[in-house]
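Residue numbers (this note's numbering): 81 to 535.
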């Protein structure tokens with residue numbers, strides 16, 4: 081990798097140096113804030129985060145805590161491109177921080193990156209559960225015809241190699257049910273062996289042989305969608321007798337083999353009251369992280385009759401706080417289904433800005449929740465990741481000129497650039513409300529969506 085200061089452009093470039101074989105020809109060129117560039121320059125293979133923090137804090141006079149946050153963020157984002165060495169001497173000369181002291185033209189709040197930092201793969205639309213709240217509706221126990229043939233394991237090995245080269249740090253596997261794919265553990269190993277963290281979202285049984293193989297890949301985490309600790313409620317919601325017992329078996333095997341589990345309960349009118357018992361159960365199985373969500377809080381538009389009342393939302397919030405006190409060893413994240421106008425601007429979508437989503441047939445889309453082709457911008461059966469990421473189709477979706485918003489409240493809005501480049505627009509809600517991509521979305525920071533759409 082090459083770091084190149086560009087004071088005249090107000091940024092630092094990070095890129096692969098092309099070699100005789102053309103390596104780096106399709107690789108991304110990151111335009112970094114000078115402080116990001118300085119941090120990477122100081123990570124010379126010998127210095128650790130603590131030493132880099134000390135040097136930057138000393139040179140800039142910034143508080144060490146603030147600098148450490150910057151250093152940690154840079155190391156997380158460019159982890160794939162960093163190599164740590166036991167060498168006694170730095171691999172490059174000492175860096176003069178004054179060389180990075182120039183005015184920046186790059187806003188670190190911008191979400192559009194030169195390459196995706198994460199990839200989400202919708203492994204299959206098929207599922208062995210028929211969850212009553214699922215936006216996909218009833219599932220089936222088999223993959224749809226041709227799904228494995230459309231994106232073979234061999235093709236995913238090529239994708240994993242490119243992902244590692246361009247700095248992708250994590251792969252999210254979702255569905256349907258990812259465990260229905262017969263070679264899914266093989267594909268997980270392809271990414272994990274390249275230091276790409278794999279987040280496997282499942283509601284199924286992971287048997288002992290599969291769990292043992294997942295344990296051998298240190299970069300794998302299982303996100304288990306267990307909603308409550310009552311067997312009859314889980315079986316009712318999934319419409320599969322024994323579903324609760326299977327997920328408990330997955331928890332037991334994960335604990336036995338040392339596989340990290342993140343519990344992902346979805347709060348409904350049937351499960352909210354039992355949240356404390358679920359956290360107690362999570363503690364017994366060594367779960368260290370729980371991410372709580374609500375029916376209706378995401379992008380899905382399916383009506384279920386299981387939505388929480390305002391009183392239940394408040395009860396869940398209180399239960400989360402009490403659980404944090406009772407189980408300090410468990411990190412509990414909570415996303416309320418209600419939010420004020422002041423924090424609406426903080427909510428948006430990173431798809432096409434920081435993340436890329438692959439559908440079962442290899443199509444690349446801005447959102448898995450929209451089944452039509454309107455949000456497609458590539459096809460990984462025939463394209464590389466970077467070819468899709470730099471395609472004119474994606475630019476048309478995310479960075480369209482202001483003229484594309486003609487006839488909407490977005491035209492002339494002072495927040496439009498913020499929405500495109502920082503917040504990220506929810507194109508699905510625009511399509512549902514207006515039948516077009518370039519229109520106000522459900523997280524509009526000035527509330528135009530609710531005002532115009534009458535919601």
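Note that beta-carbon positions come from the ideal geometry of N, C-alpha and C, so glycine has one too.
- Here residue 445 is buried: its Cβ has 16 or more other Cβ atoms, across all protein chains shown, within 10 Å.
- Residue nearest to residue 87 within the set 115, 202, 96 is 115 (criterion: CA-CA distance).
- Going by DSSP, residue 236 is part of the alpha helix (DSSP H) stretching over 233 to 246.
- Per DSSP, residue 268 is one residue of the alpha helix (DSSP H) stretching across 264 to 272.
- Cβ contact annotation for residue 464 (same chain, cutoff 7 Å, sequence separation greater than five): 106, 242, in chain order.
- DSSP places residue 463 outside both helix and strand once states are collapsed to three, so it counts as coil.
- Inclusion of residue 200 and residue 254 in the CB contact set at 8 Å is warranted, their separation being smaller than that value.
- Of the residues 147, 237, 451, 161, the one whose Cα lies closest to the Cα of residue 124 is 161.
- Within 10 angstroms of the beta-carbon of residue 187 lie fewer than 16 other beta-carbons, which makes it exposed.
- Following the DSSP letters along the chain, one finds residue 154 inside the alpha helix (DSSP H) bounded by residues 144 to 157.
- In this model, residue 304 and residue 492 are separated by some 44 Å (Cα to Cα).
- Between the alpha carbons of residue 400 and residue 387 lies a distance of about 18 Å.
- Annotation for residue 281: the continuous beta strand (DSSP E) segment containing it runs 277 to 282.
- According to DSSP, residue 91 shares a beta bridge with 86.
- Taking one beta carbon from each stretch, the stretch 247 to 264 and the stretch 274 to 287 have 3 or more pairs nearer than 8 Å; the two touch.
- Here residue 341 is not near residue 313, since their CB atoms are 8 Å or more apart.
- With distances taken between CA atoms, residue 436 lies nearest to 469 out of 120, 306, 469.
- Residue burial annotation: residue 360 is exposed, with fewer than 16 other C-beta atoms found within 10 angstroms of its C-beta.
- When DSSP states are grouped into helix, strand and coil, residue 412 belongs to the strand group.
- Residue pairing from DSSP places residue 198 in a beta bridge opposite 250, 435.
- Residue 272 holds the alpha-carbon nearest to the alpha-carbon of residue 293 among 344, 308, 272.
- For residue 341, the uninterrupted beta strand (DSSP E) segment begins and ends at 340 to 343.
- The beta carbons of residue 410 and residue 372 sit no closer together than 8 Å.
- Distance check between residue 247 and each of 483, 154, 212 places 154 closest, using alpha-carbon atoms only.
- Spatial neighbours of residue 190 in its own chain (CB-CB distance under 7 Å, excluding positions within 5 residues in sequence) are listed in chain order as 501, 502.
- In this structure, DSSP gives residue 456 an extended state, which the three-state scheme calls strand.
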